[in-house]
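Under UniProt numbering, residue 1090 is the last one in the sequence shown; the count climbs by one each step, no gaps.
Just so you know, even glycine gets a beta-carbon here, dropped at the ideal spot from N, CA and C.
Here the structure comes first, spelled out in structure tokens, and everything after it is commentary.
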Amino acid sequence: MKLDDLKLVFKSSAAISLTAKSYVVNLLNKFEIALTWDSSTLLIPSLLPTEAQMKNGHHLIVSIPVRSRGLRGRKAFDNINSSRSHSVPSRMLLKASNISLPQRLKQRNQGRKSLSSFEVTHRSEIDHRIQRLFLMSYFPSGFWSRLLSRILADDNVVEIVRSYFVIPDDWYTDTLLSKIFMENKPEWTCWQSGLELRYLETTLFSLKQIFHESFNPFFDYHSMRMMIYQEDIWSPLDKSSSSILELSLPQDTVLIKKTIKNESKEEIGYTMSVLDLNPKSVCQLLALAVEHIDTLLEDWYPSLGTRFLHTSEGRMLITRIVPCPRCLTQFNEINNNVNQPSNVLSLDDGINHKKKHIKKVVKSNNSPPIYVFPIEECILMAFESRNPRCFIHGDLLLGQIAPDIIFLDLEDRLRISNENIKRGKLIGQGAFGFVFISTLTSRGINEQQKVAVKILQPTHPGYNAKESTSAAYEISISKWERDPIQYAAKAYCSARQEISILIHLKHPNIVPLIGVCIKPLSIILELAPKGALDKKLEYYLHSDCQIPIKVVQLIVLQISRALEYLHQLHIIYRDLKSENVLVWKFPEPFSKLSNEVHVKLADYGISRPTLPTGTKGFGGTEGFMAPEIVKYNGEEEYTEKVDCFSFGMFIYELITLHQPFSGYETIKELILEGIRPPISVEETKFPTNILDLMISCWSQQPRHRPSTSQLVSIISAPEFINLIDAISIGTTSTSAQIVTPRKEVWLSIDSAFDQHSSLNLLEFSHEKWIQHCIFKTKFTQSITALCLIEEAVWAGDNIGLIHSYSLNNYSKLFTYKMDPDYGNEPSPVRSIHYLQEMQRACIALHNGRMFLCDSNIIPSCKVGGEGFFVMTELGSSSCIHSIASINLNPRSWEIWCGESHGSVSIFSFIDGVVTSQQIINHNNPIVENLLVLQVLTEGTYIWTSLYPGFHVYQWNTTTKSVINRLDCSKLIPVSESLRTISIEECFNPGRCQITSINLLESKLYVGTNWGCVIIAESINMQPITVFRPYSDQVQAIIPIPEHGLLVTLGKGYRPLIPRYASGCEENDSEDENNNMFALLWTANGWLMNN
């Protein structure tokens, strides 16, 4: 059933929400009414036929085409190609047809297309079959439906089937032979207690429950007498109360008979083509099925599926056995008297004539017993390089009856002989065993490389090992000697689990698998030259040094990318911590090489594939495990969000250099109560986004945590570590701002409730805002301009007054009226600019008058200071909005004044005397009603912006011409999700209006009316990045060059994390959007290097 078809079920509720739909699907999954096995399909077990309905005259068939869950599915194994054979192309293998409804076999076959002159048959040899039996105490409720959904959802099946048969080269040039693959697609046939995979009219694989009234034409296991090999003796196997699961791979050879005709179209003979099996693919299919069965039993039914659990009578709850194939062949011959005939497909008429001349099974007590081997015993034999020995038929090859145990499903290059490994010193140990630096010699080419060998069997650590290490070895060897079967099986399962994950992975931040050695059982991995990350954190702690912020960003970015990759492949990692992160590059304490970082995620022993229905199982490290695992001991479903919880604790490790809850005893209870590990005041100095992300990741509810894709986007955002702190200044606006050497930002604030204005001080440090102070003095007029002049701040207001305040004690030094003769219409001060070398303050008024005042003199009266305070008056025909100055040489100066109608007046000075005035314009012809509100200067360049307008212009001061321009209407903020990007609003010309510009460290910073901050190279105007920290206009950008910091002022702060994580919604209240926020930034490293 398609998930989209649920709307038909709820057709009476047309307004059902997506949340309600998700809730319904979760309920269907929980009660096993319907299971989600891919992103769009539900499997309804009750609608599947029973095996009796399929084979006792009803012939109902449910077919499901083999397909992948998505384009980014796990690629299980390399294509198995050679000079003489190829895999089946995907376009010939897969089809997009839907799941078929139950239908009668005859009706199903009538729909087939016919291909004349071909006949497809298969050849079966019973003793070549691979059989695996699971004798279970019972089948738990939901076992079959969950097992079917897991296998149907596995993307690896596609790749395995592609390589299942060896395809000769000449087949691709024969169009008729190619049609066989086009007409015969691999399909799953499902029923309530089993499924089989069919391809080219032969069964590749079957998995089913064996009932007492068996439908198995070959073997009636319930009637068989079985002898099991345990503790070096043969004893009867009691299966009277067992439920039996059979896993079978027939290994049939496909034969294709092609008729040869002469020129008269008469048949004169035929050719026979043989499709042999690829043993590696057969073993891969076996390993896949066993992995799904074992994982399902262990994680979902631990009281039954945990290995080596016994009943009160001493019987294993699950007995996994491998029968002797020769015994089965002998049993079949005795009880059937004739061999099983092949099924035949005649393509002359397109109908599948299955010749089922199968004699009724005769249950004879005189049949010889079937000799079987526990799979755990076979594992120990593989460890000891022995083969099983049947009591009747003698030696059997493990590679034939249990090839997965000796890893024959892996590529030849991955199976490494111990002779090619030269073991070195011990570098690590764990519950699994020891890790050694070793030298691997590649086969055939005699190349050597350093590798890490993780040995899962007891191995002597060397005579120079620590006493604790030697003691651990002695304990391990005694366990193996006491119970070798149990510990060999555990080692094999651990290796198989980790290899089953690693074999699919290829990512720059995941430790790659190099190979597997069977004796001693070892996993060979790429060697991390700098060891594990937890040791680096200890070194920083002992050096009394924090990890640089840039290094923290690079680490969490690389690990989040690795987790994102795993989650895209439907894998949950479950054990993220610094101990499992290996280091290739890392700066030493107090080093300045903060970009030299390369880490990789390792240790996949408890990682699990996941399904849309979720995952079960207890796994992880205390303190890092998510509450949903801890609360239910892994017995309830959870999702990949458990990795995001561990990611929050991993961030905690990086900023505190301690493990979470270090020194605490009741960690489980603390996590369940929502308590999180503490951080010190010193650690709160980390950028706010890092702390906010840590808190968001360790949220109690999974839905409130960001996904790994969101983690990558958040950490890659330009503001992630550059934003130091944010502070709200209330529902106000600002019209003037300056920074003083005392780490203070002075703001003129206009009240939203009356006409008064005030001066505000924001004190800052390199790590945060410290305090917000407000001058007691209230101004009846708005402050329109501020300027730092030596040890004082000059403020110009709306009626042409200049107020000066001391930086030392904040006392008022003087007040002076610049334009006393202007009548009843005072002219506001538009700009104040300090000419430090000339010791002059340049003050521009709205009426076009501009004054040069002596900055060293405090006027003794409020007016009439001409000649000793006001030194020079300049004029313009229009309003002067902004001023900038440029020093051409020690004697020459230019003052650039931004005016109305797009004009710029340039006053030239030599030795402090005005020598000329030049007027230039942004447009030719002149466009009226354009105001030059911003003028900046650095070196020999000038930058200007217009209102209205969305361009920043760069001028050459020599030629007095525009040489570059930046079009802000074509730039889109990068740190946005699809939910918040608002493309239509982004390109609205009014939203692109430039509201502020400034320069810092060769970077041009531009603020817009939509709350965007644009960063570009100041020399060539090439954009570097764009982000949107405000919901409304950026009112000011204030550089602090002495400290490499930047302050922005704007309305409606938009935190970074809620833009991506839907569980952390932005505060869209009107009050919050009207508030002005001051954001403190560090002004370097806007782009990621890794």
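With 16 or more neighbouring CB atoms inside 10 Å of its own CB, M54 falls in the buried class. Between I416 and G515, the C-beta gap is smaller than 9 Å, which places the two residues in contact.
Within a 10 Å sphere around the beta-carbon of T777 sit fewer than 16 other beta-carbons, which makes this residue exposed.
Here F764 is near L1045, since their CB atoms are less than 9 Å apart.
With respect to K265, T121 sits apart: the two C-beta atoms are not nearer than 9 Å. A distance below 9 Å separates the beta carbons of T459 and F436. Judged by pairs of C-beta atoms under 8 Å, the stretch 123-135 touches the stretch 232-250, as three or more such pairs exist.
For W584, the secondary structure class from DSSP, reduced to helix, strand or coil, is strand.
Within the stretch 522-554, the runs of alpha helix (DSSP H) at least 4 residues long that lie entirely inside it are, in chain order, 533-542. At the C-beta level, L426 and A465 come within 9 Å of one another. DSSP places K641 inside the alpha helix (DSSP H), whose first and last residues are 641-656. Between the alpha carbons of T173 and R1059 lies a gap of roughly 55 Å. As the crow flies, the alpha-carbon of P508 is around 12 Å from that of E526. Under the rule that a run must span 3 or more residues, the beta strand (DSSP E) segments found entirely inside the stretch 962-1012 read 994-1000, 1003-1008. For L576, there is no enclosing alpha helix (DSSP H), as DSSP gives it neither H nor E. The alpha-carbon of L380 is positioned some 45 Å away from that of P587. The beta carbons of M818 and V745 sit no closer together than 9 Å.
In the three-state scheme derived from DSSP, where H, G and I count as helix and E and B as strand, G399 is classed as helix.
A Cβ-Cβ separation of about 6 Å places I994 in contact with T1008 under the 8 Å criterion. Using a Cβ-Cβ distance cut-off of 8 Å, the stretch 602-613 and the stretch 652-671 are not in contact, since fewer than three pairs of beta carbons, one from each stretch, lie closer than that value.
Here I268 carries a strand assignment [DSSP, helix/strand/coil]. Distance from the CA atom of I738 to the CA atom of C842, rounded to whole angstroms, is 16 Å.
For Q230, the enclosing beta strand (DSSP E) stretches over residues 226-230. Residue pairing by DSSP places T36 opposite L42 in a beta bridge. Per DSSP, Y301 is not a residue of any alpha helix (DSSP H), being assigned neither H nor E.
If you compare the alpha carbons of L27, E32, K600, L43 with that of K2, the shortest gap goes to L43. Per DSSP, reduced to three states, the secondary structure at K631 is helical. Look at M1 here: in three-state DSSP terms it is coil, with no helix or strand label. Around the beta-carbon of N798, 16 or more other beta-carbon atoms lie within 10 Å, marking it buried. Residue burial annotation: G1011 is buried, with at least 16 other C-beta atoms found within 10 angstroms of its C-beta. By the C-beta density criterion, C390 is buried, having at least 16 other C-beta atoms within 10 angstroms.
Considered as a whole, the stretch 673-760 harbours 723-730, 733-740, 744-750 as its complete beta strand (DSSP E) runs of no fewer than 3 residues, in chain order.
Counting only unbroken stretches of 3 or more residues, the beta strand (DSSP E) elements lying wholly within the stretch 134-213 are 187-191, 194-199, 202-210, in sequence order. Contact between the stretch 678-687 and the stretch 706-715 is absent: fewer than 3 CB-CB pairs across the two stretches fall below 8 Å.
DSSP places L285 within a helical segment (H, G or I) once states are collapsed to three. Contact between the stretch 963-970 and the stretch 1018-1035 is present: 3 or more CB-CB pairs across the two stretches fall below 8 Å.
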